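Report on the following structure.
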Amino acid sequence: MPTYPAPAVTFVRGEGSWLWDDEGRRYLDLLSGLAVTSLGHSHPAVADALAEQARTLLHVSNLFGTTIGPEVAATLDRLLGVGQPGWPAEGTRGQVFFCNSGAEANECAIKLARRFGGRGRHVVVSALQSFHGRTLATLHATGQPAKHEGFQPLPEGFRHVPWADLDELERALDTTVAAVLLEPVQGEGGVNPATEAYFRGVRRLCDERGILMMVDEVQSGLGRCGRWFAHQALGVVPDVVTMAKALGNGVPIGACWAKREVAAAFEPGDHATTFGGQPLATAAARAVLAVMEAEDVPARATRAGDRLRAALADMPGVSAVRGLGLLLGVELDGHDAKAVVTRLLELGAVANAVTPTALRLAPSLLITDDELDHAVELIGKALA
Ligand code: PLP
28 MPTYPAPAVT FVRGEGSWLW DDEGRRYLDL LSGLAVTSLG HSHPAVADAL
78 AEQARTLLHV SNLFGTTIGP EVAATLDRLL GVGQPGWPAE GTRGQVFFCN
128 SGAEANECAI KLARRFGGRG RHVVVSALQS FHGRTLATLH ATGQPAKHEG
178 FQPLPEGFRH VPWADLDELE RALDTTVAAV LLEPVQGEGG VNPATEAYFR
228 GVRRLCDERG ILMMVDEVQS GLGRCGRWFA HQALGVVPDV VTMAKALGNG
278 VPIGACWAKR EVAAAFEPGD HATTFGGQPL ATAAARAVLA VMEAEDVPAR
328 ATRAGDRLRA ALADMPGVSA VRGLGLLLGV ELDGHDAKAV VTRLLELGAV
378 ANAVTPTALR LAPSLLITDD ELDHAVELIG KALA
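Numbering (this note's numbering), first residue to last: 28 to 411.
Listed below in structure tokens is the structure:
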């Protein structure tokens, strides 16, 4: 269906930071399928895990137990506790619902907030310029009114406040509010990182009023921003965390984590999924997380992000670089970002125009220094 413009390029193969099109041309991938292939394309550990699992057991439904999902859930729980005081070492602080996408992870969070808040206390407050998905509920949570227009009426129970404004948030928190849902770095909204003061303030307001603090780490999570989860640098422990994108390195999988006492608001039958948590997707996630830990991807993202940021900051045509780790927004000085993306593609690099004036860069977290230098060279050429 015509939901996307006609593609400029058709890709047929990928390896590490590189993609090949159907005419055999090679491209340096600085976007990772929108922050998904964080370990690069066709990572052998993920490919092997998928092949082995495909021969072992693909799917049985959630009417039966499987062994891999609980293992992945425990790993996520442990990683969510990194740097968080008092987190039990064995990874049992929270519980996880597996699904197939970021939007579904947020749908789970929104339904959980409604069960937790109870009838009459169901409103989810999110920020302007946020992005939380394209299903009807997550579209309404998305704070971009232009995207709502063609789909009114949207489900009731959503409210938007200006980003990074605690006073406006406080004004929005009446007794109908069940949860606040925020990205630690707004991705689609232009790569806008939250400050520690803002997130600590949100946590305080939520605590004072018994409101859930839900953090959307679909784009920012799993090492990309230099921590396992970007909120870990912001001095808060959220009640609910959603993730997807990089969790399967390209295999569709999402997860909604909640503190045990919050997850307990769900009863059997409240929420369900046919495919969520199935062995194939969780086998991919298990392999992804094992490689991510072995490679220490948060540290790699920090180091590579610093290198990229330093090289771009002084480049003619760049007015500012924002973001964290390897999720960067490059604000252009007098250039149309779409035109620059088109030129980059001609030169052999994939990026995206996150706003009319800014590029988004989200390369593989395993990108090499040589590849980073090549990226800087191509961006310089495109701007020149
Ligand atoms: N939340 C955030 C922060 C995202 O960046 C995205 C996708 O870009 C989503 C949710 C939706 O994820 P999906 O496209 O997997 O439904």
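The C-beta atom is built at its ideal place from N, Cα and C for all residues, glycine as well. The model shown is predicted, which means the values in this text are computed figures rather than measured ones.
For the beta strand (DSSP E) that residue i lies in, which residues bound it at each end?
{"i": "ASP243", "result": "239 to 243"}
{"i": "ASP323", "result": "Segment: none, ASP323 is in no beta strand (DSSP E) and carries neither H nor E."}
{"i": "GLU42", "result": "38 to 42"}
{"i": "HIS298", "result": "Segment: none, HIS298 is in no beta strand (DSSP E) and carries neither H nor E."}
{"i": "ALA205", "result": "204 to 209"}
{"i": "THR269", "result": "267 to 270"}
{"i": "VAL63", "result": "Run containing VAL63: none; DSSP gives neither H nor E here."}
Report yes if the CB atom of residue i is closer than 8 Å to the CB atom of residue j, and no otherwise.
{"i": "LEU66", "j": "SER391", "result": "yes"}
{"i": "CYS252", "j": "THR269", "result": "no"}
{"i": "LEU58", "j": "ALA378", "result": "yes"}
{"i": "ARG186", "j": "VAL150", "result": "yes"}
{"i": "ALA328", "j": "GLY250", "result": "yes"}
{"i": "HIS258", "j": "PHE226", "result": "yes"}
{"i": "ALA310", "j": "GLN80", "result": "yes"}
{"i": "VAL368", "j": "HIS70", "result": "no"}
{"i": "ARG336", "j": "GLY121", "result": "no"}
{"i": "THR93", "j": "VAL87", "result": "yes"}
Terminal residues of the continuous alpha helix (DSSP H) containing residue i?
{"i": "GLN122", "result": "That residue, GLN122, is in no alpha helix (DSSP H); its beta strand (DSSP E) goes 121 to 126."}
{"i": "GLU197", "result": "193 to 199"}
{"i": "ASN133", "result": "129 to 144"}
{"i": "TYR225", "result": "223 to 236"}
{"i": "VAL367", "result": "364 to 374"}
{"i": "HIS401", "result": "396 to 410"}
{"i": "ASP104", "result": "95 to 107"}
{"i": "GLU50", "result": "Per DSSP, GLU50 belongs to no alpha helix (DSSP H) and is neither H nor E."}
Buried or exposed, going by whether 16 or more other CB atoms sit within 10 Å of the CB of residue i?
{"i": "ARG40", "result": "exposed"}
{"i": "VAL36", "result": "exposed"}
{"i": "LYS408", "result": "exposed"}
{"i": "ALA366", "result": "exposed"}
{"i": "ALA124", "result": "It is worth fixing the name first, because residue 124 is Phe in this sequence and not Ala. Buried: at least 16 other Cβ atoms inside 10 Å."}
{"i": "MET28", "result": "exposed"}
{"i": "TYR54", "result": "buried"}
{"i": "LEU405", "result": "buried"}
{"i": "PHE143", "result": "buried"}
{"i": "LEU85", "result": "exposed"}
{"i": "ASP482", "result": "This structure cannot speak to residue 482, because the chain is shown only from 28 to 411."}
{"i": "THR384", "result": "buried"}
Our contact map puts residue i next to residue j with C-beta atoms below 8 Å; I'd like the distance itself, whole angstroms only.
{"i": "LEU239", "j": "ALA205", "result": "6 Å"}
{"i": "ASN133", "j": "ASP243", "result": "6 Å"}
{"i": "ASN276", "j": "THR64", "result": "6 Å"}
{"i": "ALA292", "j": "LEU107", "result": "Rounded, the Cβ-Cβ distance is 19 Å, inconsistent with contact."}
{"i": "ALA191", "j": "THR222", "result": "7 Å"}
{"i": "GLU215", "j": "PHE158", "result": "4 Å"}
{"i": "CYS126", "j": "GLY281", "result": "4 Å"}
{"i": "LEU196", "j": "VAL267", "result": "LEU196 to VAL267, Cβ: 17 Å. No contact."}
{"i": "LEU208", "j": "LEU181", "result": "Between LEU181 and LEU208 the Cβ distance is about 15 Å, and since that is not below 8 Å, they are no contact."}
{"i": "ALA380", "j": "ALA364", "result": "4 Å"}
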